[in-house]
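Asker: I have a structure I would like to understand better, so I am pasting it below and will then ask my questions one at a time.
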Amino acid sequence: MATAEVQFRLGEYLEVAASDGEPRFRCAKCGHDLGPASGNYKEHALRRVAPLEEAGPLVGDPSRFIDDRMEIRQFFCPGCVTQLDTEINRAGEPIIWDIELH
Amino acid sequence: MAVIDTLSTPSDSRFVCGIDIGGTFTDCAVVDETGRMVTAKVPSTPDRPAEAFMDALAASAATMGVPLGDLLARCDQLMHGTTVATNAVVQKRGAKVGLVATLGHGEAILHMRGAGRTTGVNIERMLDIPSSGKPEPLVPRALIVEVVERVDCDGDVVVPLDEAQAEAAVRRLLDQGVDAIAISLLWAFLNPDHEQRIKAIIRRLAPDVYVTASSDIAPVMGEYERTVATALNSYVGPVTRGYLRDLSERVTGAGYGRDVLIVESTGGVVPAPRAGEEASLTLGSGPVAGIIGTRFLAEALGMPNVIAVDMGGTSFDLGLVRDGAPVTSDTALVGQYQYHVPNVDVRSIGAGGGSIASVDEISGGLLVGPDSAGAVPGPACYRRGGTEATVTDADLVLGYLDPAFFLGGRMALDRRAAEEAIDRIAEQAGLDRTRTAAGIVKVVEFRMADLIRTTTIERGFDPREFSLFVYGGAGPVHGVLLARELGIGTVVVPMGNAAGVWSALGAATSHVLFVYRQSDPQTAPFDGERLTRAYREMEERGRRELRDQGFSDERIEITRRASIRYRYQIHEVEIEVAAGDIDEAGAQTMLDDFERAYEAKYGKGTGFPAAGFEVTSLKVLAVGRLTQPELAQRARDGARPDSFDSREIYVPDEERFVRAAVAHGRDLRPGMEIAGPAVIELDWTTVVVQPGSRAEVDGLGNLIIRLEENPS
Amino acid sequence: MTASIAETSWDGVGRSYIPDHEIRISPAVALHRETAEDVDPISYEVIRHNLWNINEEHGSTIVKVSGSPIAVFAHDFNPSILTEDGEFVFFGPYLQFHAGMLDLNVKWTLENRSEHPGIRDGDMFFANDPWVGTTHQQDAAMMCPVFWEGRIFCWVANLLHFADVGGGTPGSFCPEANDVFEEPVPTPPLRMVENGEIRPDLEAQFLRRSRLPELCALDLRAVVAGNTVAKNRILALVERYGPGVVKGVMRRVISAGEERFVRRLERLPDGVWRDVNFLEVAKTGDRRAYKIALEVRKEGDRLIFSNRGTDPQTGAINITYAALRGGIMCPINAFFLHDSLYAIGGALRHIDIEPEPGTITCADYPAACSNGGSTGVHIVIGLAVNVLAKMLACDTKMARSFCCQGGATQWPGATMSGKDRRGNDFGAFLLDPMAGAIGAFSFRDGVDVGGLWFDAKGTAPNVEHNEWASPALFLYRREKPDSGGAGKFRGGNSLELAWVPHKTDVIMQTTTACGCAIPTARGLFGGLAGSPNRYDYVEGSDVQERLRGGTVPQDLDELRGRRRELLPKETGIAQTVHDVYQLAISGAAGYGDPIDRDPEAVARDLAAGLVTPETARRFYGVVVDAAGHVDEEATAHRREEIREERRASAERPS
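Residue numbers (the working numbering), protein chains in the order written: chain A, 11 to 112; chain B, 3 to 714; chain C, 358 to 1011.
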């Protein structure tokens, strides 16, 4: 991994580096590999699913107003556990493939 | 120093004297009873402005050949426009201010109505979010205290002031070492009692701390703008008051026997001690003095409508005189802060001789500004470190400026440096040097014309109904073409060389003006008795305070004004209200006048009477008329020198250089006419008379330029 | 959009109008197309600035003539100059989501009105049809062809929000509507002005729908006056410089904007960026969440957006294609074109939208759309911010050009009515959410109470204005601590305010909001969401006793009485003088992992009361001592603890 050449930085915590000619995501803080750049890095991250109330100090229980089950999904770097991204989503919805590089 | 007339004043003649302190120079204009005038210009002393003030007086006295003490002893009115408050704001060197506010509402000054990020920001940059932000707070959060009290929108007390709690709150501010305190409570303009009681507490606890109450400085509706006005006053208060005290002591010591009169943004002057208490009203008084001077001269020339343009190296100030009176506004901006203040509306637009030219690499267009080289590093031709091509460099290349006679020869310009800078732009633009320089001038002139047009039209005026007054170092070069673009027929370069000390002369032509405001919103049908009561109260105060200043009743003029709007509508229009008791018919007249004024401003059919009417605020203007200098008219002998110098200047219509007569200020005689193409070199500026226009020197020494194309 | 569908049904009738790249115009209308290619750099700049200035005067004329708070304060309008065939030359600095609309209206008019009734010199066309191209029926377009020697040289046009255009609810936002038949009548482009005069028959027909006919008549004159001023000045320009030169400048303004946009795109990799957000409570009584999806695909110098994955159209929360496009254009203008003087036509050449019809964000006729301006378009703006931000983040320079989603990502509507303190009827719509908040940047914090970035000239009212307009006493209006989303860079905090009726017995209250259950300002790169909207209410409280006793309550917890939350869409709330109503406006989003935030910044926020100690500890992992200084050891320990919690509770990738 150390030999991989960084192609570009992507936001706060991701970078794309070429490893054996294949561009791959990795953690910009610790260098941990997060899968091929053409895939969803979230599938290579630690994932925590929590009730919506954990999305912020002022977020309450959504069942006050709606029947759909909502959740917060946190994605952490498996290396340094930095929070790479969060999703607020309906339970059962697929993970959002937020960054797909071609 | 420039002398227009050699004063051979009778030894008992009285004087009126105006002094204006600018960033670089301090100007003085002394006019005697026969209308003759002496001017002086000395370097400013920014750290101790009172010194330059005294220097300018001394220089004038020397020119007149009288001792300073004599000049001051014979001076009836010493009027002064000061930039001390403005500098405190610009340099962020105002007082440490604490704010006392109503419980639950102390943050209004931080919220800035959600518009603090973009207010006052150039529209071209408004979408650049990452570069945007709120300004540094006038009062930091830690210095805002809230007091238990509440008044409602009728002025009724809902919760009485808790004096013990208020005293503790004030002590918290004093413990943090504030130099000044602002008190701004909700609805205090309707019921000032709580504010005044807090003021008394502060006076008792800390008599030296500068205090401003919103009900005194800005008694109008809208807590954000009122609080800014209050905090701003306390921010510039201590330094302004200190300066004015120092100044007063010096002139008294030198033989002056009255209060110095200070120019305020209202367009009038007030005695120095009063100005010290309403220090924020001295903000922007320099440009305002210029408009006062413009009004004075416009009246003498019989020109009711004037667009006044003051173009310097870095700034471009624009003000209007309409129907013989300066156009005013009730709000103003300091940086990104908007606040309530009655003011002569002078807009400052960032364009001047220092505006930098560039070529847009994508469109290939020739851009001028918005960046400016300012005075330092300045245009390339200044040789002060600037290398980028500016408007001044283009003016030089086109022959409009004489490298040996810039500012009366006080500063040499480097023509080669200007040419090199222009050539770099020319190469990028794919044009030759001359066309590039001409292009820079054209772009900036058109841009200024657009800005002037926008500003006049926004206020409901048609620029073609105006004359154009141009002053400031860089203005008269461009005045004729600017006028042509705007469809204006007459350009005035005021008072020849006196244009260089224009704000000082403006100060000298002021009257004392006290403005009283009261915001007591009512919907129609108006309660005439309540209106009358409010007006009478303000009028009595005005008369009393003017009498206290020694004005006899025949020198006191009182005017009532009212701001009215249609309900559910935003535009307020201020109208004049007749004196006397307001009965039903009087109230109806107010509405009729409002409707007429509204249509005049916003266009026929724009009124919305079906919605009903609302009067939002009342105003009384109390004027104490001062002796106006009467300028001496000189006989128009039309004498011309046998021959003029000449040089080549660029004439854009012909796209070539043409030999133009060059006249010097010393050659100008009343009645003399000079047809374009011509250049008139004055001590403080250069006037370019393009072909198709004709300049005439009038009996006061003004240059009046008439354009054939737009006969007025 | 595929060609086959476009040919058949994207016609602005059953489905939203999406023009083909080449529009079909009847030969009955002649277009001026001659263009001087060699305009010199000086003339270019002079004419360019003049055109911009003309558009500015167009806008200020609308403000002048209208005088309504909608135009003057909320700036809910926008003037434009478009080419002869409906491409934007200049757009205005007012409400930015109108950017997606006027070109559609002009193109539709050219395609459908050229033959009959024809387009003539002196005509202007009026439209407020969401399927042709407005946010909702309240936003009406007025389009004016500018003729030169018998041919259409260009168009000047504007959109303005009219205060009431009919429908079941005052103000024409109809939260109860099941379809457009229960809403204001949409009008496809019709020739409202002939020979420069408003046609009285058509005007009467339009005004007849409105509860405020005089105000609408005035606004109609405002938009006609704006167009007239712009048209005359453009004609003067053509007369002076010649039509070819002016057209040459117009074309170059567009192509320069295009070039700037493309150069910025070139810095970014190809790919697809996606995000999802949720609306809630489609109408009163509903208890569901609705998924709104947006993606952007970058292929070379093109951006292709799609809303695929969005839930089917429902209730009263829909928008059409025009509002979807307008919402997308807001961050395009701000993030890519902030230095282009609102010249957006060039960028639009590189933007395609492939909408999924029949969805909440591209609803087919006859879905209810009148609330589109306050729900659907805002949710799209937020989604577009996120997908574009993630794209821009791929370049270190471009990464500095975006901000996270701002405050009031869903407008918390609070509508009041009743008798004022003189016994007259009053109605008011609280405009305090205009105070907004700006989301975090990739390099610094957002701006507390920093306004709505896509309506940069908008302003919130003073409390005194509120109390003058409505019989209410505001107990407080202040920044809500913790409302800005946590992150390495914190989102801006927004406002919280509370009021009781004053000098009246009762105020009837209606709420209309999304984003109460589900926060809508989503954080980026590990940053957390801004706070949700929230309506709190204490019924039968002792607030009056407290006021009489000399205190002004500052915390709902101080009060006796029955505390509850109002529903996101609740009507018929009779607020008496004993009931306290508190509204918290949603905050702005954060950027980056909160435990990466500089502890000193957290300490500063704590000292200023902008975050609470509990949030500092729980989300930022920052502990301060009694003096407010960062306890470095305890902070390091707490942050390690957070990491351990994450490790312990997270699933490993499969």
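The C-beta atom is built at its ideal place from N, Cα and C for all residues, glycine as well.
Closer than 7 Å by C-beta to residue 463 (chain C): which residues in its own chain qualify, once you throw out the five before and the five after it? Chain order, please.
Answerer: Taking the first residue of the third sequence as 1, we reach residue 463 (chain C) at position 106. Closer than 7 Å at the Cβ level, and outside the excluded window around residue 463 (chain C), lie 439, 443, 500, 512 and 514.
Asker: What does residue 436 (chain C) reach in chain B if we use C-beta pairs closer than 7 Å?
Answerer: Here residue 436 (chain C) corresponds to residue number 79 of the third sequence, with the count starting at 1. In chain order: nothing, as chain B lies at least about 13 Å away.
Asker: Could you check what DSSP says for residue 462 (chain C) in three-state terms: helix, strand or coil?
Answerer: In the third sequence, residue 462 (chain C) corresponds to position 105, counting from 1. The answer is helix: DSSP assigns residue 462 (chain C) an H, G or I state.
Asker: Could you confirm whether any beta carbon from chain B is found closer than 8 Å to the beta carbon of residue 798 (chain C)?
Answerer: Position 441 of the third sequence holds residue 798 (chain C). Closer than 8 Å to some Cβ of chain B, the Cβ of residue 798 (chain C) qualifies, so yes.
Asker: Mind checking the stretch 813–825 of chain C against chain B and listing, in chain order, the residues whose C-beta falls within less than 9 Å of any C-beta there?
Answerer: 813, 814, 815, 816, 817, 818, 819, 820, 821, 822, 824 and 825
Asker: Relative to the ligand PLP, is the shortest distance from any of its heavy atoms to the C-beta of residue 392 (chain B) smaller than 7 Å?
Answerer: As for the ligand PLP, it is missing from this structure, which has no ligand bound.
Asker: So residue 453 (chain B) is in the beta strand (DSSP E); what residue range does that whole segment cover?
Answerer: Here residue 453 (chain B) refers to the residue found at position 451 of the second sequence. It is not in any beta strand (DSSP E) - residue 453 (chain B) instead sits in the alpha helix (DSSP H) that spans 435–460.
Asker: By alpha-carbon positions, which one of B:136, B:680, B:169 and B:112 ends up nearest to residue 144 (chain B)?
Answerer: The sequence position of residue 144 (chain B) within the second sequence is 142, counting from 1. Taking only the C-alpha atoms, the option nearest residue 144 (chain B) is B:112.
Asker: Please identify the residue among B:495, B:553, B:160 and B:544 whose C-alpha is closest to the C-alpha of residue 859 (chain C).
Answerer: Start at 1 with the first residue of the third sequence, and residue 859 (chain C) comes out as number 502. Closest by alpha carbon: B:160.
Asker: Excluding sequence positions up to five away, which residues of its chain have a Cβ less than 7 Å from the Cβ of residue 718 (chain C)?
Answerer: Locating residue 718 (chain C) in the third sequence gives position 361, where the first residue counts as 1. If we look at residue 718 (chain C) and ignore the five residues flanking it on each side, its Cβ neighbours are 649, 664, 667, 676, 681, 733 and 737.
Asker: Check the Cβ-Cβ distances between residue 100 (chain B) and every residue of chain C, and say whether any is below 8 Å.
Answerer: As a first step, residue 100 (chain B) is located in the second sequence; it is residue number 98 there, counting from the start. So no, residue 100 (chain B) is outside the interface.
Asker: Can you tell me which residues form a DSSP beta bridge with residue 481 (chain C)?
Answerer: As a first step, residue 481 (chain C) is located in the third sequence; it is residue number 124 there, counting from the start. Beta-bridge pairing links residue 481 (chain C) to C:550.
Asker: When the Cα atoms are used, what is the spatial distance from residue 311 (chain B) to residue 591 (chain C)?
Answerer: Residue 311 (chain B) sits at position 309 when you count from the first residue of the second sequence. Residue 591 (chain C) sits at position 234 when you count from the first residue of the third sequence. Each residue's alpha carbon lies about 26 Å from the other.
Asker: Under three-state DSSP, which class holds residue 350 (chain B)?
Answerer: The residue you call residue 350 (chain B) lines up with position 348 of the second sequence. In the structure shown, residue 350 (chain B) sits in a strand (DSSP, three-state: E or B).
Asker: If the cut is a Cβ gap below 8 Å, which residues of chain B does residue 833 (chain C) touch?
Answerer: To locate residue 833 (chain C), count along the third sequence from 1; it is residue 476. By Cβ distance, chain B contributes 105, 106 and 107.
Asker: Taking C-beta pairs closer than 8 Å, name the residues in chain A that residue 979 (chain C) reaches, listed in chain order.
Answerer: On the third sequence, position 622 is the one that residue 979 (chain C) refers to. Taking the beta carbon of residue 979 (chain C) as reference, no residue of chain A falls within 8 Å; the closest one sits roughly 14 Å away.
Asker: Within 10 angstroms of the Cβ of residue 998 (chain C), are there 16 or more other Cβ atoms? Answer buried if so, exposed if not.
Answerer: Position 641 of the third sequence, counted from the first residue, corresponds to residue 998 (chain C). Residue 998 (chain C) should be labelled exposed.
Asker: Who are the Cβ neighbours of residue 381 (chain C) in its own chain at under 6 Å, not counting the five residues just before and after it?
Answerer: Translated into positions along the third sequence, residue 381 (chain C) becomes position 24. 468, listed in sequence order.
Asker: Mapping the DSSP letters down to three states, classify residue 37 (chain A) as helix, strand or coil.
Answerer: Walking along the first sequence from the start, residue 37 (chain A) turns up at place 27. Residue 37 (chain A): strand per DSSP, three-state reduction.
Asker: Would you decide whether residue 554 (chain B) is buried or exposed? Buried here means 16 or more other CB atoms lie within 10 Å of its CB.
Answerer: Walking along the second sequence from the start, residue 554 (chain B) turns up at place 552. Label assigned to residue 554 (chain B): exposed.
Asker: For a contact meaning CB atoms closer than 9 Å, what does residue 63 (chain B) contact in chain C?
Answerer: If you number the second sequence from 1, residue 63 (chain B) lands on position 61. Chain C residues near residue 63 (chain B): none, gap ~49 Å exceeds 9 Å.
Asker: Helix, strand or coil for residue 829 (chain C) per DSSP?
Answerer: Here residue 829 (chain C) corresponds to residue number 472 of the third sequence, with the count starting at 1. Reduced to three states, the DSSP call for residue 829 (chain C) is strand.
Asker: Of all Cβ atoms in chain B, is any one closer than 8 Å to the Cβ of residue 501 (chain C)?
Answerer: Position 144 of the third sequence, counted from the start, is the residue given in the question as residue 501 (chain C). No, residue 501 (chain C) does not count as interfacial toward chain B.
Asker: Any C-beta of chain A sitting closer than 8 Å to the C-beta of residue 795 (chain C)?
Answerer: The count along the third sequence starts at 1 and reaches residue 795 (chain C) at position 438. Not closer than 8 Å to any Cβ of chain A, the Cβ of residue 795 (chain C) fails to qualify, so no.
Asker: Taking 8 Å as the CB-CB cut-off, is residue 949 (chain C) touching chain A?
Answerer: Start at 1 with the first residue of the third sequence, and residue 949 (chain C) comes out as number 592. It does: the Cβ of residue 949 (chain C) has a partner Cβ on chain A nearer than 8 Å.
Asker: Terminal residues of the continuous alpha helix (DSSP H) containing residue 141 (chain B)?
Answerer: As a first step, residue 141 (chain B) must be located in the second sequence, where it is residue number 139. Counting along the chain, residue 141 (chain B) falls outside any alpha helix (DSSP H), and DSSP gives it neither H nor E.
Asker: I'd like to know if residue 189 (chain B) contacts chain C, where contact means its C-beta is closer than 8 Å to some C-beta of that chain.
Answerer: Residue 189 (chain B) sits at position 187 when you count from the first residue of the second sequence. Interface residue, yes.
Asker: Which class does residue 3 (chain B) belong to by DSSP, given the choice of helix, strand or coil?
Answerer: In the second sequence, residue 3 (chain B) corresponds to position 1, counting from 1. With a pLDDT of 30 at residue 3 (chain B), under the threshold of 50, the predicted position of this residue should be treated as unreliable, though the coordinate-derived value follows. Residue state, collapsed to three classes: coil.
Asker: Within 8 Å (strictly less), CB to CB, does residue 597 (chain B) reach chain C?
Answerer: Position 595 of the second sequence holds residue 597 (chain B). No, residue 597 (chain B) lies away from the interface with chain C (no Cβ there is under 8 Å from its Cβ).
Asker: Taking a contact to mean a Cβ-Cβ separation below 8 Å, would you say residue 523 (chain B) touches residue 458 (chain B) in this structure?
Answerer: In the second sequence, residue 523 (chain B) corresponds to position 521, counting from 1. In the second sequence, residue 458 (chain B) corresponds to position 456, counting from 1. No, these two residues do not count as a Cβ contact at 8 Å.
Asker: Would you identify the three-state DSSP class for residue 488 (chain C), choosing helix, strand or coil?
Answerer: Translated into the one-based positions of the third sequence, residue 488 (chain C) becomes position 131. Looking at residue 488 (chain C) - three-state DSSP - the assignment turns out to be coil, as it is neither helix nor strand.
Asker: With distance defined between alpha-carbon atoms, name the residue in C:404, C:890 and C:885 nearest to residue 1061 (chain C).
Answerer: The first residue shown for chain C is 358 and the last is 1011, placing residue 1061 (chain C) beyond what the model contains.
Asker: Taking any Cβ of chain B, which residues in the stretch 605–634 of chain C have a Cβ under 7 Å from it, in chain order?
Answerer: Flagged, chain order: 609, 613, 616 and 617.
Asker: Strictly below 8 Å CB to CB, what residues from chain B border residue 567 (chain C)?
Answerer: To locate residue 567 (chain C), count along the third sequence from 1; it is residue 210. Residues of chain B passing the Cβ test: none, with the nearest at roughly 13 Å.
Asker: Starting from the Cα of residue 675 (chain B), find the closest Cα among B:382, B:697 and B:545 and give me that residue.
Answerer: Residue mapping note: residue 675 (chain B) aligns to position 673 of the second sequence, counting from 1. Its Cα nearest to that of residue 675 (chain B), the residue B:697 stands out among B:382, B:697 and B:545.
Asker: Quick check: the Cα distance between residue 615 (chain C) and residue 783 (chain C), rounded to an integer number of angstroms?
Answerer: Taking the first residue of the third sequence as 1, we reach residue 615 (chain C) at position 258. Taking the first residue of the third sequence as 1, we reach residue 783 (chain C) at position 426. Taking the straight line from one Cα to the other gives about 49 Å.
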